[in-house]
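In our numbering, the protein residues as written are 10 to 251.
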């Protein structure tokens with residue numbers, strides 16, 4: 010028989026993955042208190058220091074929070090934390106802005122081939138499409154088209170009134186879907202559609218920033234495709250790298 014090969018992944022990273030899997034599977038839900046580090050170490054057969062190093066990385070990724078004297082908790086999305094971690098637009102002075110939203114359309118339909126590709130959906134899957142205009146400082150700043158699978162959010166279409174300004178906390182609170190990370194693709198384009206230009210207060214042919222974003226859960230399942238057009242006359246996109 011072949012000799013088993015040692016796992017090249019550092020031990021604390023293996024522990025981190027186990028903790029992530031437990032969060033993803035619902036063993037620990039948002040807001041739950043995790044067992045103490047010595048107890049986790051005993052459960053996993055590692056030292057408390059190894060557990061601590063794994064939790065350090067999870068905390069840096071905003072997946073757990075530590076409270077002095079209380080312990081470590083699974084992170085909970087709030088409107089402000091969602092805005093701070095995932096909304097990357099600032100004003101000309103570098104200050105984060107909190108845009109308001111106006112819903113333009115909400116419909117449920119069969120996913121298009123493009124939507125199926127972005128969200129890794131099977132044939133004849135259904136999606137909810139949301140279109141809204143978000144304003145900063147009173148003028149049109151951001152036009153969003155959002156697509157989510159209805160199998161994850163079955164009654165989102167019937168949500169009373171307009172959907173919240175930030176959605177990731179609603180996904181977590183109402184449907185148990187926590188956005189762990191997002192992937193974004195950015196480019197500058199010209200607005201060719203007169204209606205789109207009008208909503209943003211721009212002339213046809215004006216330049217905007219296009220942002221394509223896919224949001225993923227703990228287990229790397231895509232739960233949202235968001236396409237945004239940004240009026241950058243008074244807004245900038247900021248990327249903070251460690």
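The beta-carbon is built from N, C-alpha and C at its ideal position, and this holds for glycine as well.
Within 8 Å, strictly: CB atoms of residue i and residue j
i           : j           : result
residue 222 : residue 247 : no
residue 124 : residue 234 : yes
residue 46  : residue 60  : yes
residue 226 : residue 187 : yes
residue 63  : residue 24  : yes
residue 106 : residue 136 : no
residue 177 : residue 86  : yes
residue 115 : residue 160 : no
residue 120 : residue 130 : yes
residue 42  : residue 152 : no
residue 108 : residue 134 : no
Inter-residue CB distance, residue i and residue j (contact presumed, cutoff 8 Å)
i           : j           : result
residue 208 : residue 217 : About 11 Å; that fails the 8 Å criterion.
residue 213 : residue 232 : Going by Cβ atoms, the distance from residue 213 to residue 232 rounds to 34 Å, so no, they are not a contact pair.
residue 142 : residue 113 : 6 Å
residue 27  : residue 53  : 6 Å
residue 145 : residue 29  : No, residue 145 and residue 29 are not in contact; Cβ-Cβ is about 35 Å, not under 8 Å.
residue 193 : residue 220 : 6 Å
Residue i to residue j span [Cα, whole Å]
i           : j           : result
residue 189 : residue 73  : 11 Å
residue 215 : residue 50  : 57 Å
residue 101 : residue 57  : 46 Å
residue 170 : residue 111 : 11 Å
residue 195 : residue 240 : 13 Å
residue 198 : residue 242 : 14 Å
residue 81  : residue 179 : 23 Å
residue 158 : residue 77  : 39 Å
residue 36  : residue 65  : 20 Å
residue 48  : residue 173 : 39 Å
residue 206 : residue 18  : 50 Å
residue 104 : residue 96  : 12 Å
Spatial neighbours of residue i in its chain, beta-carbon cut-off 8 Å, leaving aside the 5 residues before and after
i          : result
residue 10 : For residue 10, the predicted structure reports a pLDDT of 46, less than 50, and the residue's modelled location is therefore unreliable. The matter cannot be settled from this model.
Where the alpha helix (DSSP H) through residue i begins and ends
i           : result
residue 105 : It is not in any alpha helix (DSSP H) - residue 105 carries neither H nor E in the DSSP assignment.
residue 65  : 57 to 69
residue 126 : 122 to 128
Close beta carbons around residue i, own chain, < 6 Å, minus the five adjacent residues each side
i           : result
residue 154 : 140, 236
residue 39  : 83, 85, 181
residue 224 : 188, 191, 232, 233
First and last residue of the uninterrupted beta strand (DSSP E) at residue i
i           : result
residue 76  : 73 to 76
residue 254 : Since the first residue shown for the chain is 10 and the last is 251, residue 254 is missing from the structure and cannot be characterised.
Contact set for residue i: own chain, Cβ-Cβ below 7 Å, skip 5 residues either direction
i          : result
residue 55 : 20, 24
residue 22 : none
residue 75 : 68, 81
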